[in-house]
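Protein chains in written order, with my numbering: chain R, 1 to 118; chain P, 119 to 508; chain A, 509 to 674.
We put the beta carbon where it would ideally sit given N, CA and C, even for glycine.
Fair warning: this is a prediction, and the values are worked out from it, not measured in the lab.
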Amino acid sequence: MENPWIYIGLFVLIGVIIPIVPLAASAILAPHKPNPIKQSTYECGMETVGDNWVQFKSQYYIFALAFLIFDVETVFLFPWALALNQTPLFVTAEGVIFILILLAGLYFVWQKRMLEWV
Amino acid sequence: MNFWTDPIHVIYQGLMQTFTGWGMAADVAGIIINLLGIVLMITAIMVLDIFLVWIERKVVARFQDRLGPNRVGPWGIFQPFPDIIKLVLKEDITPAGADKWVFNLAPILSLASVIFLWAVVPLASRIYGVDLNVALLYLVASGSIGTLSIIMAGWSSNNKYALVGAYRMVANMVSYEVPLAASLLIPTILSGSMSLTNIVNQQAHGVWFFLVSPLGALLFLVAAIAELGRSPFDLNEGESEIVAGFHIEYTGMKFGLFYAGELLHAFTFGGFVAALFFGGWHGPWAEAYPLLGAFYFIAKAMFGYWLIMWIKYTVPRIRIDHMLAFNWKFLTPLAFALLIVTALAHRFLMDFPAWVYVPGMFLSNVLVAWATLEILRGNARRERLAAEAH
Amino acid sequence: MTAEQIIFYIATGFILVSALMVVTTRNLIHAALWLVATLFGVAVVYATLDASFLAVVQVVVYIGAIAIMFVFAVMLTKRNLLDHVPQTNANWPWAAGIAALVGAGLLYTASQLTTFGAQRPALSGDSLMNLGKALVSPDAFVLPFEAASILLLAALVGAVYLVNKR
């Protein structure tokens, strides 16, 4: 195979189809007798109050932001780590500086008490 | 070349001759053979997954001083089959306010995102799906799709518990993806490659990366458990607070897919621990006989899976603020510090022979671990003194 | 037509349809999910171009981080926002017209390029290793590489101040 992604593509395709098989079997074999009580939202026996579109803590968003930044950073580091063996020493230093700058960012966020779950 | 030294190639050639003998074009035949191989492989994984149910139940029983399933078949080994028949025959209930398409797609994606991973796992020297040069990032990418499936399930169920569970789970998974990716950088540095096949081959001479970077292996294991959402990081399920979390509204086989996905995910991460840090399929005579290598690989993956189960059934659940603090204030800085030390130590030591390189790298890890413990001890002392002063 | 071309046409068709769904669907979460589909289609296009690294990074960063952030952001809003606010304002035909014009102009410009429709030359050597070397080599991209780290730091600081205002 020239391009490994053709294989991956086939794998992904079949990987999605195969979990559908038991679902299809279940759809054919299982009984289907819905009623309003059965289909009501389960909240430990209580009647559901209000909409489920509740507003969440903004804290989740902050952690998602922090994650996004560090995720991009690690993605940048992968090519560096890959070429480490075949590049001169100062290239290693460049990567270390890159990490240190981001660690400084983490320290800053920490000091600003952004990492507290209030 | 015969079947025992290169089984996949022999089968491939045999089928190729048969198909072209029927007048099929060679590239079409190639794709069909690959398709057959993929279907066979995924089916084998699913069968393994079925037995993982039994293994999991049996092991947890032993951890909790019980017997576990022991009625159906010898040692209850056929227990998963009644379970599955029951799941298939259960009525499938879609809650009234659910978003049908997203609701039905989520369990499929959840299991599929784990199955995808097996495309790049090298089972033995010449048995693997494909040698992808970015396999490690592929692992992280497939984890992203798993995260997405959980948020889809939680949101589409139209249930507050499900939504809370999904949100916790996603906050957990995305946070721990940082140390996970950072610990994946360590084998990348050590082997100079992101391909799993290459990483395993680099460990051919008995120098498993576990010896070179024990702390990296530990970090990967912890981050992997968090990524799995298993105890102690199972806030997404939290039976006592949000009942079952994101899959609360799922019944029958759809729940079964989530369950199968979770077990297979744990086993797959066991496999990744084995491939990245424990030499993959390497072992005595594995080079010459790939099937033996595949056996070693499965055995090592089972060991990794057992480690994950051991932790799951021993440690209680942690609170969400502790969980996030543990990640951002401990694991992430530690992972990056370890990364810096590993990169520098590797760069300085890589031209030395193995008997200098391996102890040197090991020592650098010990140094990082010792420094971490000292800092933690110092912090604890300061906190204790501050508490006493009050 | 080669297999690569067929995959390319399917992927681009998928991208266009799902991109259209992003802007037309009323439900914000559905829009985010369609955006994920769009981004996944782009990853497929990268994969057909042998750009393995970009393809996985597309999934890791855009689907794994940015789409998740969108969903978190959507859940910070109120539902009545999307039930009672109109999706478009009076100027939408103008915007559509301008977008169509720009699209046509881009298509025309692309079709005038000498490389339009040409066969892609095969990559030589280990492209991933070349990328790694180029990213840190002083003759190539080391300055953007380090600048990216400063940029990420700036983004982090910006995020802190955005949140601390409350």
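Report task. Tell me, to the nearest whole angstrom, how far the beta carbon of S26/R is from that of V171/P; I am working on the premise that it is less than 8 Å. Result -> Looking up residue 26/R in the first sequence gives position 26. Looking up residue 171/P in the second sequence gives position 53. Between the beta-carbon of S26/R and that of V171/P there is about 17 Å, and that puts the pair past the 8 Å contact cut.
Report task. Would you mind working out which of S267/P, W326/P, I173/P, T138/P sits nearest M427/P, comparing C-alpha positions? Result -> Residue mapping note: residue 427/P aligns to position 309 of the second sequence, counting from 1. The shortest Cα separation from M427/P among S267/P, W326/P, I173/P, T138/P belongs to I173/P.
**Report entry** For S26/R, the three-state DSSP class (helix, strand or coil)
**Finding:** Locating residue 26/R in the first sequence gives position 26, where the first residue counts as 1. The answer is helix: DSSP assigns S26/R an H, G or I state.
Query raised in the report: So is G310/P buried or exposed if we call it buried at 16+ other beta carbons inside 10 Å?
Result: Position 192 of the second sequence holds residue 310/P. Per the 10 Å Cβ criterion, buried.
Query raised in the report: P240/P by DSSP, collapsed to three states: which one?
Result: Residue 240/P sits at position 122 when you count from the first residue of the second sequence. Strand at P240/P.
**Report entry** Length at least 4, wholly inside the stretch 558–627 of chain A: the alpha helix (DSSP H) runs in chain order
**Finding:** 560–565, 576–584, 587–592, 600–620
Query raised in the report: Under three-state DSSP, which class holds I99/R?
Result: The residue you call residue 99/R lines up with position 99 of the first sequence. I99/R: helix per DSSP, three-state reduction.
Requested in this report: Using alpha carbons as the reference points, say which of M142/P, R175/P, I203/P, I245/P lies closest to G411/P.
Outcome: Position 293 of the second sequence, counting from 1, holds the residue named residue 411/P. It is I245/P whose Cα lies nearest to the Cα of G411/P.
**Report entry** Contact set between T265/P and chain A, taken where Cβ atoms lie within less than 7 Å
**Finding:** In the second sequence, the residue the question calls residue 265/P occupies position 147. Those within 7 Å of T265/P in chain A are G572, I576.
Query raised in the report: From L166/P to N672/A, what does the alpha carbon distance come to, in whole angstroms?
Result: Locating residue 166/P in the second sequence gives position 48, where the first residue counts as 1. Locating residue 672/A in the third sequence gives position 164, where the first residue counts as 1. Using only the alpha carbons, I get a separation of about 50 Å.
Query raised in the report: Which parts of the stretch 218–283 of chain P are runs of the alpha helix (DSSP H), unbroken and 4 residues or longer, counting only runs that do not cross its ends?
Result: 218–233, 253–274
Query raised in the report: Where L257/P and L223/P are concerned, what is the direct C-alpha to C-alpha distance, given to the nearest angstrom?
Result: Along the second sequence, read from residue 1 onward, the residue named residue 257/P stands at position 139. Along the second sequence, read from residue 1 onward, the residue named residue 223/P stands at position 105. Rounded to the nearest angstrom, the gap between the Cα atoms of L257/P and L223/P is 21 Å.
Report task. Taking only beta-carbon positions, decide if P19/R is within less than 8 Å of chain A. Result -> Working through the first sequence from its first residue, we reach residue 19/R at position 19. Chain A contact via Cβ: absent.
Query raised in the report: Below 8 Å between beta carbons: does that hold for I195/P and S231/P?
Result: Here residue 195/P is taken as the residue at index 77 of the second sequence, counted from 1. Here residue 231/P is taken as the residue at index 113 of the second sequence, counted from 1. In this structure, S231/P does not lie closer than 8 Å to I195/P by Cβ.
Requested in this report: Taking only beta-carbon positions, decide if N188/P is within less than 8 Å of chain A.
Outcome: Translated into positions along the second sequence, residue 188/P becomes position 70. No, its Cβ sits nowhere closer than 8 Å to a Cβ of chain A.
Query raised in the report: Where do the N-terminal and C-terminal ends of the alpha helix (DSSP H) with M427/P fall, by residue?
Result: Here residue 427/P refers to the residue found at position 309 when the second sequence is read from its first residue. Its alpha helix (DSSP H) spans residues 408–430.
Query raised in the report: Hey, V220/P and S260/P: beta-carbon distance below 8 Å or not?
Result: On the second sequence, residue 220/P is found 102 positions in, with the first residue counted as 1. On the second sequence, residue 260/P is found 142 positions in, with the first residue counted as 1. Result no, Cβ atoms of V220/P and S260/P do not sit closer than 8 Å.
**Report entry** Separation of A335/P from F522/A, as counted between CA atoms
**Finding:** Position 14 of the third sequence, counting from 1, holds the residue named residue 522/A. Position 217 of the second sequence, counting from 1, holds the residue named residue 335/P. Distance between the alpha carbons of F522/A and A335/P: 40 Å.
Query raised in the report: When DSSP labels each residue in this structure, what does M114/R get in the three-state scheme?
Result: Here the question's residue 114/R lines up with position 114 in the first sequence. DSSP places M114/R in coil when its eight states are reduced to three.
Query raised in the report: Is L442/P near A300/P, with beta carbons less than 8 Å apart?
Result: The sequence position of residue 442/P within the second sequence is 324, counting from 1. The sequence position of residue 300/P within the second sequence is 182, counting from 1. No; because the gap between Cβ atoms is not below 8 Å, this pair is not in contact.
Query raised in the report: When we look at the beta-carbon of Q59/R and count the other beta-carbons within 10 Å, is it buried (16 or more) or exposed?
Result: Position 59 of the first sequence, counted from the first residue, corresponds to residue 59/R. Result: buried.
**Report entry** Within 7 Å of chain R by C-beta, residues of the stretch 622–642 of chain A in sequence order
**Finding:** L636, M637, L639, G640, K641
Requested in this report: On a CA-only basis, which of L158/P, G389/P, T432/P is nearest R180/P? Give me that one, please.
Outcome: Translated into positions along the second sequence, residue 180/P becomes position 62. Checking every option, the nearest Cα to that of R180/P belongs to T432/P.
Requested in this report: Please name the residues in the stretch 233–259 of chain P whose beta-carbon is closer than 9 Å to at least one beta-carbon of chain R, in chain order.
Outcome: From the stretch 233–259 of chain P, only I233, F234, W236, A237, V238, G247, V248, D249, L250, N251, V252, L254, L255, Y256, V258 have a Cβ closer than 9 Å to chain R.
**Report entry** Three-state secondary structure (DSSP) of M142/P
**Finding:** As a position in the second sequence, residue 142/P is number 24, starting the count at 1. Reduced to three states, the DSSP call for M142/P is coil.
Query raised in the report: For a contact meaning CB atoms closer than 9 Å, what does S311/P contact in chain R?
Result: As a position in the second sequence, residue 311/P is number 193, starting the count at 1. Residues of chain R passing the Cβ test: L82.
Report task. Indicate the three-state DSSP secondary structure (helix, strand or coil) for T520/A in the structure shown. Result -> What you label residue 520/A is simply residue 12 of the third sequence in a count that begins at 1. The answer is helix: DSSP assigns T520/A an H, G or I state.
Query raised in the report: Around the C-beta of W140/P, are 16 or more other C-beta atoms found within 10 angstroms, so that it is buried, or is it exposed?
Result: In the second sequence, the residue the question calls residue 140/P occupies position 22. Flag for W140/P reads exposed.
Requested in this report: Mind the definition here: the stretch 616–623 of chain A touches the stretch 97–105 of chain R only if three or more C-beta pairs lie below 8 Å; say whether that holds.
Outcome: no
Report task. Compare the C-beta of P198/P with all C-beta atoms of chain R and state if any pair is closer than 8 Å. Result -> Working through the second sequence from its first residue, we reach residue 198/P at position 80. Output row for P198/P: interface = no.
Query raised in the report: What is the rounded straight-line gap between the Cα of L229/P and the Cα of L13/R?
Result: Translated into the one-based positions of the second sequence, residue 229/P becomes position 111. Translated into the one-based positions of the first sequence, residue 13/R becomes position 13. Cα-Cα distance, rounded: 13 Å.
Query raised in the report: Terminal residues of the continuous alpha helix (DSSP H) containing Q86/R?
Result: Here residue 86/R refers to the residue found at position 86 when the first sequence is read from its first residue. Element bounds for Q86/R: n/a, residue is neither H nor E.
Query raised in the report: Is H32/R buried or exposed, if buried means 16 or more other CB atoms sit within 10 Å of its CB?
Result: Taking the first sequence and counting its residues from 1, one reaches residue 32/R at position 32. Around the CB of H32/R, fewer than 16 other CB atoms lie within 10 Å, so the residue is classed as exposed.
Requested in this report: Could you check how far apart the C-beta atoms of N251/P and S560/A are, in whole angstroms? I think they sit under 8 Å.
Outcome: For the purposes of this step, residue 251/P is identified with residue 133 of the second sequence, where counting begins at 1. For the purposes of this step, residue 560/A is identified with residue 52 of the third sequence, where counting begins at 1. A Cβ-Cβ separation of about 6 Å places N251/P in contact with S560/A under the 8 Å criterion.
Requested in this report: Mark F351/P as exposed unless 16 or more other C-beta atoms lie within 10 angstroms of its C-beta, in which case mark it buried.
Outcome: Here the question's residue 351/P lines up with position 233 in the second sequence. Around the C-beta of F351/P, 16 or more other C-beta atoms lie within 10 Å, and the residue is accordingly described as buried.
**Report entry** Cα-Cα separation, F56/R to L584/A
**Finding:** Along the first sequence, one-based indexing puts residue 56/R at 56. Along the third sequence, one-based indexing puts residue 584/A at 76. Approximately 6 Å between the Cα atoms of the pair.
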